[in-house]
Amino acid sequence: YHKGNPCGYNVGISSDDEVLSLCDDVLTGMAATSRKLMDRLTILGFTPKGQIPTLIFACFLFVYNYNEARKDSTITEALEISKAQTFSNPILQKFFAAMSAQTVNGAIVK
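In my numbering, the protein residues as written are 510 to 619.
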């Protein structure tokens, strides 16, 4: 429940210009630091194995993809482009497939 949304309905990010603008500020503000951190992790031999490292990788990849897409796109378009590019990354696809297999295997064993 939120004062601006008395019925408690979910509001999509793209339905409010101020939310979109704030998301853009956050994502563009993260670009340089995110790139420096990923460069450093790469130098140290970082590979995204396990849930937390893979989540970190996905976040940095999303930020990178967003900022690349934002050069030629609106905020909403950049969000969609970066989502598609991030989820199509082979490392993330393998991770999601493994997570799905674990879930299915866990359900079968029970």
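A virtual CB, placed ideally from N, CA and C, is assigned to each residue, including glycine.
Please name the residue in the options whose C-alpha comes closest to that of residue i.
i, options, result
"Met608", "Leu564, Ala587 and Leu553", "Leu564"
"Phe605", "Leu588, Thr542, Ala541 and Gln560", "Gln560"
"Pro557", "Gln611, Thr612, Lys603 and Ala610", "Lys603"
Apart from the five residues on each side of it in sequence, which residues of its chain come closer than 7 angstroms, Cβ to Cβ, to residue i?
i, result
"Met547", "Phe569"
When the Cα atoms are used, what is the spatial distance from residue i to residue j?
i, j, result
"Leu601", "Leu536", "20 angstroms"
"Arg579", "Ile522", "16 angstroms"
"Ala567", "Asp525", "25 angstroms"
"Ala540", "Tyr575", "9 angstroms"
"Glu589", "Leu531", "16 angstroms"
"Glu577", "Ile584", "11 angstroms"
Start and end of the alpha helix (DSSP H) containing residue i?
i, result
"Asn574", "Gln560 to Arg579"
"Leu546", "Ala540 to Ile552"
"Thr595", "Ile584 to Phe596"
Give me, in chain order, the residues of the same chain whose beta-carbon lies closer than 6 angstroms to that of residue i; leave out the 5 immediate sequence neighbours on both sides.
i, result
"Lys512", "The pLDDT assigned to Lys512 is 49, lower than 50, so where the model puts this residue is not dependable; a value taken from the coordinates is nonetheless given after this. Around Lys512: no qualifying Cβ."
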